[in-house]
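S.K.: Using full-length UniProt numbering, the first residue of the sequence shown is number 1, and each one after it goes up by one. Heads up, the beta-carbon is just placed ideally off N, CA and C, and yes, glycines get one too. Nothing here was measured: the structure is a model prediction, and the numbers come from that model. So that we are looking at the same thing, I have put the structure below in structure tokens.
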Amino acid sequence: MKNIQITPELARRIALHAQLLDGSAEFPAGKEGVARIIEQLGYVQIDTIAVIERAHHHTLQTRAADYDAVLLHDLQANDRRVFEYWGHAMSYLPMRDYRYYLPRMQQFAASKSPGIQRRLNKCGHLLQPILERIRQEGPVTSKDFEALPQEKGGAWWDWKPSKIALELLFWRGEIMVTERRKFQKVYDLTERVLPEGTDTRMPSDAEVEEFRVRRALSAYGIARAKDIHAFLQLDSKNRSKTSGLTALVEAGEVIPLTIRNRNGAEYYTLPATLEQTDQFSRRPATLHFLSPFDNLIIRRERVQHLFDFDFALECYLPAKKRTYGYFLVPMLWGDRFVGRFDPKADRKSKTLILRNLVFEPDFQDFETFLPIFGQKLREFARFNQCDTISIEKSTPRTIPEHCKDFF
Numbered sequence: 001m002k003n004i005q006i007t008p009e010l011a012r013r014i015a016l017h018a019q020l021l022d023g024s025a026e027f028p029a030g031k032e033g034v035a036r037i038i039e040q041l042g043y044v045q046i047d048t049i050a051v052i053e054r055a056h057h058h059t060l061q062t063r064a065a066d067y068d069a070v071l072l073h074d075l076q077a078n079d080r081r082v083f084e085y086w087g088h089a090m091s092y093l094p095m096r097d098y099r100y101y102l103p104r105m106q107q108f109a110a111s112k113s114p115g116i117q118r119r120l121n122k123c124g125h126l127l128q129p130i131l132e133r134i135r136q137e138g139p140v141t142s143k144d145f146e147a148l149p150q151e152k153g154g155a156w157w158d159w160k161p162s163k164i165a166l167e168l169l170f171w172r173g174e175i176m177v178t179e180r181r182k183f184q185k186v187y188d189l190t191e192r193v194l195p196e197g198t199d200t201r202m203p204s205d206a207e208v209e210e211f212r213v214r215r216a217l218s219a220y221g222i223a224r225a226k227d228i229h230a231f232l233q234l235d236s237k238n239r240s241k242t243s244g245l246t247a248l249v250e251a252g253e254v255i256p257l258t259i260r261n262r263n264g265a266e267y268y269t270l271p272a273t274l275e276q277t278d279q280f281s282r283r284p285a286t287l288h289f290l291s292p293f294d295n296l297i298i299r300r301e302r303v304q305h306l307f308d309f310d311f312a313l314e315c316y317l318p319a320k321k322r323t324y325g326y327f328l329v330p331m332l333w334g335d336r337f338v339g340r341f342d343p344k345a346d347r348k349s350k351t352l353i354l355r356n357l358v359f360e361p362d363f364q365d366f367e368t369f370l371p372i373f374g375q376k377l378r379e380f381a382r383f384n385q386c387d388t389i390s391i392e393k394s395t396p397r398t399i400p401e402h403c404k405d406f407f
């Protein structure tokens, strides 16, 4: 096979095009557009941190200017075009991919891992009673099990074991999240949530691994073997990290390549991607504020390798060990990351606070950038239901003074 090498610039443009961040994507407005975004990305990660709008809403709003949370709710609760399960982490996933998660559900049901066994020892006796309650009474939330034991006439109604039991049933695929109400999960029987015609055939190991590779390369555009393997938390009896990839390369359905000046690291792409490189021409620079859980940024090593941007989420570190701040939002301008900021939406005062705004040391084009930044920051404030903006600290220190005219 011919040794293919591409430039770092082309590699970045391929990645941004696949992630719908190069300004070329055209989707319908409303639910259909949001559904297509989720289908292209393969998953949208859910996270509980709410210092600004939660990660799943942020990731979708980055790509859909007319995004509203009700659109995602409708796609899950009414249209049944997405479902929740373990993707990269807990995620919204395209319903058409449902069957490829069946082995993971089966693995949870048969698991002898210490963690699962501890949960079963604590609340395994609750699984069937909870299933029967849902069957008889309909959808439930964990709050439906918060009553004191004496009020329900049985110790099994203790809240914490019941919540664990709901999660186990969910992991095993016996119940699904039918919707969320104010972020609270509402569970129902899987048979009542899955839309008619959903493919529920158990896939073979080879099918799971091929799905993993194709899904990852469609969403990433270009990726290394380790990126492909980590893309989704799927399960198959074949534990090889490269079995599906090797088979597709040998069949000519995946193309290996390298990137100039990247130490010979082997990347992979789909043939159709290489055939469309004329679509990846340089476009006017678009500014995006990415969620730290955004699909583009979540693989930190990949981002550093492709974009020369060293990024880490610091919210899980003690405050004294943080370099930049708690919940860092990377700024992508064109095909370059130019900095990051640590935001907080103060809901009471309706103020978007940038607790720390830091540009990359080699970034200099502030004259062009700041008006665009000001406009984008106003849009970001509105997305977070904020009316005013405050920058508490910045590097360079003069940025707040220069931004006064823009917001």
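Is it the case that the CB of Leu332 approaches a heavy atom of the ligand GDP more closely than 7 Å?
M.R.: For the structure depicted, the ligand GDP is absent and the ligand set is empty, with no information on it obtainable.
S.K.: Between the alpha carbons of Phe363 and Val338, how many angstroms are there, rounded?
M.R.: Position 363 of the sequence shown, counting from 1, holds the residue named residue 363. Position 338 of the sequence shown, counting from 1, holds the residue named residue 338. The straight-line gap from Cα to Cα measures roughly 6 Å.
S.K.: Terminal residues of the continuous beta strand (DSSP E) containing Val358?
M.R.: Here residue 358 refers to the residue found at position 358 of the sequence shown. Val358 -> beta strand (DSSP E) spans Thr351 to Phe359.
S.K.: Check whether the segment 68-78 touches the segment 108-127, counting contact only when three or more Cβ pairs, one atom from each stretch, lie closer than 8 Å.
M.R.: No: the two stretches stay apart, fewer than three of their Cβ pairs being nearer than 8 Å.
S.K.: Measuring CA to CA, which of Arg397, Phe407, Ile353 and Thr395 is closest to Ile372?
M.R.: As a working mapping, residue 372 is identified with position 372 in the sequence shown. When only C-alpha atoms are compared, the closest one is Phe407.
S.K.: Reducing DSSP to helix, strand and coil, say where Ser91 ends up.
M.R.: On the sequence shown, residue 91 is found 91 positions in, with the first residue counted as 1. If DSSP states are grouped into helix, strand and coil, Ser91 belongs with the strands.
S.K.: Closer than 8 Å is the cut-off here; do at least three beta carbon pairs connect the segment 207-227 with the segment 269-282?
M.R.: Output reads yes: the segment 269-282 touches the segment 207-227.
S.K.: What did DSSP end up calling Met202 once you bin it into helix, strand or coil?
M.R.: Within the sequence shown, numbered from 1, the residue matching residue 202 stands at position 202. Looking at Met202 - three-state DSSP - the assignment turns out to be coil, as it is neither helix nor strand.
S.K.: Going by CA-CA distance only, name the one from Leu169, His57, Asn263 and Gly252 that's closest to residue 455.
M.R.: The structure shown does not extend to residue 455, since the chain is modelled only from 1 through 407, so no value can be given for it.
S.K.: Bridge partners of Met105, per DSSP?
M.R.: Within the sequence shown, the letter at position 105 stands for residue 105. Per DSSP, none; premise fails for Met105.
S.K.: Hey, would you say Phe63 sits closer than 8 Å to Phe280, going by beta carbons?
M.R.: One-based indexing of the sequence shown puts residue 63 at position 63. One-based indexing of the sequence shown puts residue 280 at position 280. With the sequence shown as reference, residue 63 is identified as Arg, and Phe is not the correct amino acid for it. No, these two residues do not count as a Cβ contact at 8 Å.
S.K.: Using a Cβ distance threshold of 8 Å, determine whether the segment 46-60 contacts the segment 340-350, with at least three qualifying pairs required.
M.R.: With the cut-off at 8 Å, the segment 46-60 and the segment 340-350 touch.
S.K.: Lys31 and Arg60 - do their beta-carbons sit closer together than 8 Å?
M.R.: For the purposes of this step, residue 60 is identified with residue 60 of the sequence shown, where counting begins at 1. For the purposes of this step, residue 31 is identified with residue 31 of the sequence shown, where counting begins at 1. Note on identity: in this sequence residue 60 is Leu, with Arg being the wrong assignment. It is not a contact, given that the beta carbons lie outside the stated cut-off.
S.K.: Helix, strand or coil, according to DSSP, for Ala312 in the structure here?
M.R.: Numbered from its first residue, the sequence shown carries residue 312 at position 312. Note: Ala312 maps to coil in three-state DSSP.
S.K.: Start and end of the beta strand (DSSP E) containing Val51?
M.R.: Residue mapping note: residue 51 aligns to position 51 of the sequence shown, counting from 1. No beta strand (DSSP E) holds Val51; DSSP gives it neither H nor E.
S.K.: Starting from His125, follow the alpha helix (DSSP H) in both directions and report where the run begins and ends.
M.R.: In the sequence shown, residue 125 corresponds to position 125, counting from 1. From DSSP, His125 is part of no alpha helix (DSSP H); its letter is neither H nor E.
S.K.: So what does DSSP say about Ala345, is it helix, strand or coil?
M.R.: Taking the sequence shown and counting its residues from 1, the one referred to as residue 345 is at position 345. Residue state, collapsed to three classes: strand.
S.K.: Identify whether Phe83 lies in helix, strand or coil by the three-state DSSP scheme.
M.R.: As a working note, residue 83 is residue 83 in the sequence shown. Here Phe83 sits in strand by DSSP.
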